[in-house]
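Using my numbering, you'd call the opening residue of the sequence shown number 10 and step up by one each time. Built from N, CA and C at the ideal position, the CB exists for glycine as well. It should be emphasised that the depicted structure is a prediction, and the values quoted were computed from it without experimental measurement.
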Amino acid sequence: YAIKHEIDLDLESASEDILLIAPTGRASRRMQQVMNMKAMTIHRALGYNYEGVFYYNDSIQLPHKLIIIDEASMIDIFLAENLFKAIPKGTQVVIVGDEDQLPSVGPGQVLADIIQSEIVPVIHLKEIHRQAKNSNIISLAQKVNNQAVTSYDYESQSDIKFMRKKSDEITDVIIKTIDQALDAGYQLKDDIQVLIPMYKGQVGIDAVNLALQSRYTNMGGKKITYGDKVFAVGDKVIQLQNNPEKGIMNGDIGIIKDISKDPDDKDLLYIDFDDHIVTFQKDALDDLNLAYAISIHKSQGSEYKVVIMPLVRAYSRMLRKELLYTGITRTKTHLTLVGDLDLIEQASRVLNESRQTSLATWLNSELEETIQDIDTISPYDFM
Numbered sequence: 010y011a012i013k014h015e016i017d018l019d020l021e022s023a024s025e026d027i028l029l030i031a032p033t034g035r036a037s038r039r040m041q042q043v044m045n046m047k048a049m050t051i052h053r054a055l056g057y058n059y060e061g062v063f064y065y066n067d068s069i070q071l072p073h074k075l076i077i078i079d080e081a082s083m084i085d086i087f088l089a090e091n092l093f094k095a096i097p098k099g100t101q102v103v104i105v106g107d108e109d110q111l112p113s114v115g116p117g118q119v120l121a122d123i124i125q126s127e128i129v130p131v132i133h134l135k136e137i138h139r140q141a142k143n144s145n146i147i148s149l150a151q152k153v154n155n156q157a158v159t160s161y162d163y164e165s166q167s168d169i170k171f172m173r174k175k176s177d178e179i180t181d182v183i184i185k186t187i188d189q190a191l192d193a194g195y196q197l198k199d200d201i202q203v204l205i206p207m208y209k210g211q212v213g214i215d216a217v218n219l220a221l222q223s224r225y226t227n228m229g230g231k232k233i234t235y236g237d238k239v240f241a242v243g244d245k246v247i248q249l250q251n252n253p254e255k256g257i258m259n260g261d262i263g264i265i266k267d268i269s270k271d272p273d274d275k276d277l278l279y280i281d282f283d284d285h286i287v288t289f290q291k292d293a294l295d296d297l298n299l300a301y302a303i304s305i306h307k308s309q310g311s312e313y314k315v316v317i318m319p320l321v322r323a324y325s326r327m328l329r330k331e332l333l334y335t336g337i338t339r340t341k342t343h344l345t346l347v348g349d350l351d352l353i354e355q356a357s358r359v360l361n362e363s364r365q366t367s368l369a370t371w372l373n374s375e376l377e378e379t380i381q382d383i384d385t386i387s388p389y390d391f392m
């Protein structure tokens with residue numbers, strides 16, 4: 010962030026004093042790429058173990074002088090409590106996030122409450138780096154966020170395509186769009202992602218994943234069946250639970266590189282999570298799912314060059330402004346919206362149910378005396 014905003018910090022010499030963290034593995038890796046410094050998940054930074062205990066806490070605190078937290082909208086109140094009590098007094102903290110995205114899966118709305126409390130300096134970043142400055146994707150996202158979408162906005166452009174299709178036509182359109190992206194040089198694992206709100210139904214995550222697996226994976230090669238799931242070599246998969254013992258976290262995406270048997274004739278899967286090979290035994294496959302299509306919630310903290318979002322009436326009850334906005338803003342280069350396009354305008358006018366939280370009130374009442382001199386501090390003192 011200092012690099013992007015031309016703030017003069019000697020990050021290399023100070024790297025041991027700086028901690029870069031994010032809620033998910035993919036978000037932390039993107040942070041690492043942007044900053045050219047080591048970044049990690051919040052759970053890993055706090056020393057989360059397989060027993061569900063954090064090493065760092067209010068007794069043993071983090072040793073860093075500056076902590077930068079990215080994708081803070083994803084942090085629920087429980088994780089926030091464990092994180093902030095492990096940060097000693099005097100440590101500078103920068104919290105980065107988009108309060109207009111989906112709130113955390115767990116309880117609370119930590120980022121929004123901190124901003125609304127008005128007890129800490131807030132900088133609103135207006136220059137967008139993910140997409141080009143003249144991006145139509147940005148324009149659509151802003152219209153959704155401002156509840157200003159109309160049917161007149163559904164005109165395809167160079168970076169965004171609107172396709173009005175019936176439900177039984179959508180999967181074929183998804184495959185055709187992916188084929189075109191592959192022909193253009195995009196990679197299925199890292200560049201292309203289908204985002205869907207629901208798992209069940211004709212155009213749900215499960216059905217679309219099976220169709221895309223059949224299309225893009227050699228099902229005649231090595232494969233393993235686990236319940237109603239089939240995994241094959243070459244499949245794109247997603248980890249569904251945190252597993253600190255294996256060094257992988259909820260939302261991490263990998264590719265199955267091999268399937269074999271151990272000396273006891275038990276099946277083993279070898280999965281490449283960004284050059285980190287993890288071995289799975291068959292009884293751990295509950296934590297895996299195909300990832301050609303994933304939920305919009307699971308996509309938070311990630312970005313993709315090509316995003317395809319189906320829109321069907323079957324999951325219209327789940328579509329909200331925040332969900333649609335989050336999906337659209339995952340896109341870097343090309344977005345395809347296919348299905349019932351009327352749902353775009355409808356969803357943009359439906360807000361998530363308001364969460365009843367007391368964090369902002371508590372911050373104001375408990376910390377007001379501590380930050381009386383906050384107006385004398387420059388926001389850049391926190392960077």
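The residues N145, in chain order, have a CB closer than 6 Å to that of Q166 in the same chain once the five nearest residues on each side in sequence are set aside. A direct Cα-Cα distance of roughly 16 Å separates V102 from T50.
Take the alpha-carbon of Y208 and the one of S68: they are about 42 Å apart. Short of 8 Å from the beta carbon of V239, and not among the five residues preceding or following it, lie these beta carbons of its own chain, in chain order: Q222, M228, K232, I233.
About 11 Å separates the beta carbon of S126 from that of V119, a gap too long to meet the 8 Å contact definition.
By the neighbour-count criterion, in which 16 or more other beta carbons inside 10 Å mark a residue as buried, T335 falls on the buried side.
Listed in chain order, the non-local C-beta contacts of H73 below 7 Å within the same chain comprise D26, I27, L28, T100, local neighbours out to five positions each way being set aside. In the DSSP assignment, D281 falls within the beta strand (DSSP E) that extends over 276–282. In the structure shown, the three-state DSSP call for K245 is strand. The alpha-carbon of G230 is positioned some 40 Å away from that of D79. For the options T288, N251, D292, the alpha carbon positioned closest to that of Y59 is the one of N251.
The C-beta distance from R38 to D295 rounds to 24 Å, too long to meet the 8 Å contact threshold.
Within the segment 162–239, the runs of beta strand (DSSP E) at least 3 residues long that lie entirely inside it are, in chain order, 169–173, 201–205, 232–235. If you look at M49, you'll find it in the beta strand (DSSP E) that goes 48–50.
Pairing L368 with V347 gives a Cβ-Cβ distance that is not under 9 Å.
Non-local C-beta neighbours of V246 in its own chain, meaning closer than 8 Å and more than five positions away in sequence, comprise F240, I262, G263, I264, I265, I280, L297, N298, L299, A300, ordered along the chain.
Nearest to M44 by alpha-carbon distance, out of A31, I268, L278, G236, is A31.
Boundaries of the alpha helix (DSSP H) harbouring A356: 351–357, taken from the DSSP string.
Membership of L75 in the beta strand (DSSP E) is indicated by the continuous run 75–78. Rounded to the nearest angstrom, the Cβ distance from R329 to S311 is 19 Å, too far for a contact under 8 Å. With a threshold of 16 other beta carbon atoms within 10 Å, F87 falls short and is exposed. Measuring C-alpha to C-alpha distances from S24 to each of I77, R53, R35 identifies I77 as the nearest. T288: member of the beta strand (DSSP E) spanning 285–290, first to last residue. Note on geometry: alpha-carbon atoms of K307 and L344 lie some 18 Å from one another.
Ranked by how close their Cα comes to the Cα of N143, the residues T180, K341, M83 have K341 in first place. Here the C-alpha atom of G106 lies approximately 11 Å from the C-alpha atom of I132. By the criterion of a C-beta distance shorter than 8 Å, L197 is surrounded in its chain by I187, L191, Y225, K245, Y301, once the five residues flanking it on both sides are discounted. Remark: C-beta atoms of V158 and I353 approach each other more closely than 9 Å. For the pair K314 and K170, the Cα-to-Cα distance works out to about 14 Å. In its chain, beyond the 5 residues on either side, Q70 have a beta carbon closer than 6 Å to the beta carbon of P97. Within the model, the alpha-carbon separation for V212 versus T366 is close to 35 Å.
A distance below 9 Å separates the beta carbons of I257 and G34. For N154, there is no enclosing beta strand (DSSP E); the residue is part of the alpha helix (DSSP H) that begins and ends at 145–154. Between I286 and D276, the C-beta spacing is not below 9 Å. If you look at M44, you'll find it in the alpha helix (DSSP H) that goes 34–44. Following the DSSP letters along the chain, one finds G256 in no alpha helix (DSSP H), marked with neither H nor E.
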